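There are 2 protein chains.
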Amino acid sequence: MQRTTLEDVAEHAGVSIKTVSRVVNKEPNVRQATLEKVSKAIAELNYRPNLSARNLASKRSHLICLIYDDPAAYELPSSGYIIKMQEGVLKACKTNNYDLLIHPCNYRDKHISSEIRSLIDHARPDGIIVAAPLSNTPRITKAIEATGTPLVGLSPGIKTRSHSTISTNDSDVSAQMVEYLVSLGHKEIAFIQGDSGHKAVASRFDGYKAGLKAAGIPLSQSLVISGDNSIGSGELAGMKLLKRKQRPTAIFAANDDMALGVMRSAKKLGIDIPGEVSIAGYDDITLARLVYPALTTVSQPLATMAERAAMFLIDRNGEQHEVIRSEIIPGHIQVRESTGKPPH
Amino acid sequence: MQRTTLEDVAEHAGVSIKTVSRVVNKEPNVRQATLEKVSKAIAELNYRPNLSARNLASKRSHLICLIYDDPAAYELPSSGYIIKMQEGVLKACKTNNYDLLIHPCNYRDKHISSEIRSLIDHARPDGIIVAAPLSNTPRITKAIEATGTPLVGLSPGIKTRSHSTISTNDSDVSAQMVEYLVSLGHKEIAFIQGDSGHKAVASRFDGYKAGLKAAGIPLSQSLVISGDNSIGSGELAGMKLLKRKQRPTAIFAANDDMALGVMRSAKKLGIDIPGEVSIAGYDDITLARLVYPALTTVSQPLATMAERAAMFLIDRNGEQHEVIRSEIIPGHIQVRESTGKPPH
DNA sequence: GTGAAAGCGCTAACAC
DNA sequence: GTGTTAGCGCTTTCAC
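Dropping the structure here:
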C-alpha cells in the first residue's frame, strides 16, 4: 500500500517539494497560478500528509489528548459526562483536522506522573485537556507542565490556576435552582453535598447557601447531608431525610447521581415525586431525561466547554509564549418533571 | 524541552545506537552485560522512544483506532456501550504500550470513506476496530480494507465476514431469557423488535422464537411489536401491549432502551413491575441497574470483546499475511428486580 | 517566489 | 554480538 508523498505531488505538478509543502501548510509566498496547479495535483493524487513525518520534522503532531478520571475504576460510572467531553473535543478536532487521543487515568495510581510523561513523550500531542477532578491534581498538572506541553483544564467550578481553564458558573446556577424552588413555594429545601475532594461540587454548596440567603431563608444544618457523589450515598441521604416526621418538601442534590439515589429512596418509601417531594440534581446526565419522572437539574455545557478547550489548544498556532487564558461557559436550569409545588 | 534520544543513551552507555535500539525493542543478540548497561542508561536518562520517528521508519505507529457510530448524531444517546468498548480497548493498549485514537462517525455522511481514508493516512494506526452497526457498513469496511490497515469488527450478532470479527451469542442468550421467563410461569411473553437495520438485534428475535419453540409455546404474531431501538418506541409498544384487556404477563425487548420505554409506559398506566408485568431487556447498559425496579437484562461482554479485538490487532505483531480470525464471547442473563412470577 | 540540502529520531539491511 | 549506513516523509534554513 504505497501512499502518495510530497515528492509525488511535486513531480506531478512540476514544482519542488517545498512549494507543495507551502501549499499544504497554507504558507504565504506562493503565486496564485502555482497554488492552483499544486492544489490540482494534490486533489488528483489524493495526497494527505503523513502525520509522523510532519511531527518528526516540525514538533507538531496535530493530536490533542484528553485526560480524565478513569470511569472503569468506579463501580457505577455515570459515563455521560465523558461522552459529552469527547463530543466537544472531537467537534473542534474535526473542523481543524486534528485527531483525538483519549487517556483515562486513575489519579490514585502511584505511577501516574510517569504514565503521563510516557504518553507525552510517545505521542507528543500538541496540547492536553485535563478534566476535573484531575485538573485539580497537582501531580498530574505538574507532570504535564514539566514537559512544556500546552494544557487546558476543564473545571466546573474553578478559574484561577497556573494554566488555562474553561469553567462554568456552578455557584450561580445552584443559587438559581434554590430560587426556582423557592418560587414554587418551597421553604424546607434540603441539600445533599458531594465528595469534598471535588471542588466543583463544593461550589454548588456555596450556591445553595447564597440562594437561601437571597430568599431570606436561614440555613438549617439539619437540612444539609453529606454524600460522596454516588447513587448509593444519595439513596442513603434520601432515606434519612424522607423518613423524618417533618420532612423537607424539596431536596437539591449536588449531582444527578445522588439525586437519582434520592428518587430511588422516595419510590421505595412510596412517596410521590413531585407531589410530596420535589427533587433536583446537577449535571444533566443522559439518565436525567430518561428516568420517570424526568429529573429537574442543571445542564452543564460540558461539550461546549470541551470544544472551547480544544480550540484554545488549536488556536495557539505558533504562539511562542504560552498564554494563560480562562473562559466561563454558563450552565442553566433544566426544569423537568421531578419538581413542583410543595404539598398542601 | 529537549528530549532524550537514542543517541544520548548510546553515548551514555558507550555503545552504538543500534544496540540501544535492540534493547528498547527487546530484540535478541545482545549480551547480558551490554543489556544491563544499556538498560541502566535508559533508566538514568529517562529515555522514551519517539513515536513519530519510530512510525516513520518502521510503519508501525503503536496506535489503535476505534471507530463507532457517532452518538452525537442521535437525540438520546445511551452512551454506555461506547465507554465499555473504550474501556476494553484501553486495557489492552495500556498493557501493550499502545495509544488509542477514537473516531466516532456518522455512517449516513456522504464523505465517510474519504474521512476514514484521511484518518488512516494521517495517523497510520496499526489497526482499526469498527463497532456495529458500522462493521456491517461496506462503505466503511471497504474503505479501511483498501488501505491495507488490519481491521477487526465488533459485531454482537454476526461472525462470518471478510475481516476478523469478535461477536457474541445474541441468539442463544435471547432464547435463554425466554426460557427463564417460562420457568417463572410466564406463557404470554411479548417481544419488541428493534431496528431492522441492526442485524444484531434481528438475531435476538431469532433467539426469542427459538426459546418459545423450546418451551413448546406457539409464536403469536400479536405478541410481537416493532420498535426502532429508542426509548420512545419502547414506550409506544408498551402502551399498545399493556392497554389490551388481555395483556401479556412478560415483555422482552430487544434492547434496554426499549425496555426502559416499556417501564415508563407501565408506570404511567399504574401497572406494577414485576407484580403485574415482568420486563426484560438486552444490553445491560449502566442505566439498567440504576432504574427502579432494576432491569433484568442480558449482559453483553462488550469490554471483553473490545479488549480481545485490540489484542487481535496488537498480537498480529509482524504477521505478513493478514489472518482472518473470529471469536465469540458469550453474554449472560442478569436477573434483577423487573421480572418475577406472573400475577395470580 | 521558489528550490536544494540538511536534518528530525528512529528502524532495516547489511557489514564486521 | 555489535556497528554503519541509508532512508522513512516531512519541515527548516538559507540560497537563488
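Chains L and A, in that order, give the protein sequences. So for the first sequence, the working numbering puts the first residue at 1408; every next one is plus one. So for the second sequence, the working numbering puts the first residue at 1408; every next one is plus one. Ideal Cβ positions, reconstructed from N, Cα and C, are used throughout, including at glycine. This structure is a prediction, so every number in the text was calculated from the model and none was measured.
Residue 1496/A: member of the alpha helix (DSSP H) spanning 1487 to 1503, first to last residue. For residue 1668/L, the enclosing alpha helix (DSSP H) stretches over residues 1663 to 1676. Residue contact with chain A for residue 1534/L: absent (no Cβ-Cβ distance below 8 Å to any residue of chain A). Here DSSP, grouped into helix, strand and coil, assigns residue 1479/A to helix. The region 1577 to 1589 of chain A makes contact with the region 1646 to 1661 of chain A; the number of CB pairs closer than 8 Å reaches 3 or more. Put simply, of 1723/L, 1746/L, 1595/L and 1476/L the residue whose alpha carbon is nearest the alpha carbon of residue 1629/L is 1595/L. Per DSSP, the continuous beta strand (DSSP E) segment holding residue 1739/L begins and ends at 1739 to 1741. Inside the region 1509 to 1584 of chain L, DSSP marks whole beta strand (DSSP E) runs of 3 or more residues at positions 1534 to 1538, 1558 to 1562 and 1571 to 1574, from first to last along the chain.
The region 1608 to 1628 of chain A makes contact with the region 1575 to 1586 of chain A: 3 or more CB pairs, one atom from each, lie closer than 8 Å. Annotated as proximal: residue 1664/A and residue 1637/A, with beta-carbon spacing under 8 Å. If you look at residue 1684/A, you'll find it isn't in any beta strand (DSSP E); DSSP assigns it neither H nor E.
Residue state for residue 1702/L is assigned as coil, using DSSP reduced to three classes. The Cβ neighbour count for residue 1747/A, taken over all protein chains shown within 10 Å, is at least 16; the residue is labelled buried.
Taken in chain order, the complete alpha helix (DSSP H) segments of 4 or more residues contained in the region 1440 to 1481 of chain L are 1458 to 1465.
Going by DSSP, residue 1642/A is part of the alpha helix (DSSP H) stretching over 1638 to 1649.
The secondary-structure analysis by DSSP pairs residue 1633/L across a beta bridge with 1600/L. For residue 1427/L, same chain residues with a beta-carbon under 6 Å away, outside a window of 5 residues either side, are 1413, 1416, 1417 and 1445 in chain order.
For residue 1531/A, the chain L residues whose C-beta falls within less than 8 Å of its own C-beta are 1457, 1458 and 1459, listed in chain order.
The continuous alpha helix (DSSP H) containing residue 1414/L extends over residues 1413 to 1420. In summary, the residues of the region 1645 to 1675 of chain L whose CB is separated from some CB of chain A by less than 8 Å are 1667, 1670, 1671, 1674 and 1675, in the order they occur in the chain. Counting only Cβ-Cβ distances below 7 Å, residue 1478/L has contacts in chain A at 1490, in chain order. By the neighbour-count definition (other C-beta atoms within 10 Å, threshold 16), residue 1730/A is an exposed residue. Separation of residue 1469/L and residue 1647/A (C-alpha to C-alpha, rounded to the nearest whole angstrom) is 52 Å. When the Cα atoms are used, residue 1610/L and residue 1515/L turn out to be separated by approximately 23 Å. Here residue 1690/L carries a strand assignment [DSSP, helix/strand/coil].
Beta-bridge analysis with DSSP links residue 1722/L to no other residue. Cβ contact annotation for residue 1622/L (same chain, cutoff 8 Å, sequence separation greater than five): 1585, 1586 and 1589, in chain order. Note that the C-beta distance between residue 1541/A and residue 1475/A is below 8 Å. Annotation for residue 1520/L: 1546 and 1550 place their beta carbon closer than 6 Å to its own, counting only its chain and skipping 5 residues before and after. Here the C-alpha atom of residue 1671/A lies approximately 42 Å from the C-alpha atom of residue 1502/A. With fewer than 16 other beta carbons inside 10 angstroms of its own, residue 1653/A counts as exposed. In this structure, residue 1684/L places its C-beta atom within 8 Å of the C-beta atom of residue 1649/L.
Straight-line measurement puts the Cα of residue 1528/L at about 22 Å from the Cα of residue 1456/L.
Put simply, the backbone Cα of residue 1552/L is about 41 Å away from that of residue 1571/A. For residue 1733/L, the beta-bridge partners assigned by DSSP are 1572/L. The region 1681 to 1696 of chain L and the region 1704 to 1724 of chain A do not touch, with fewer than three beta-carbon pairs separated by less than 8 Å.
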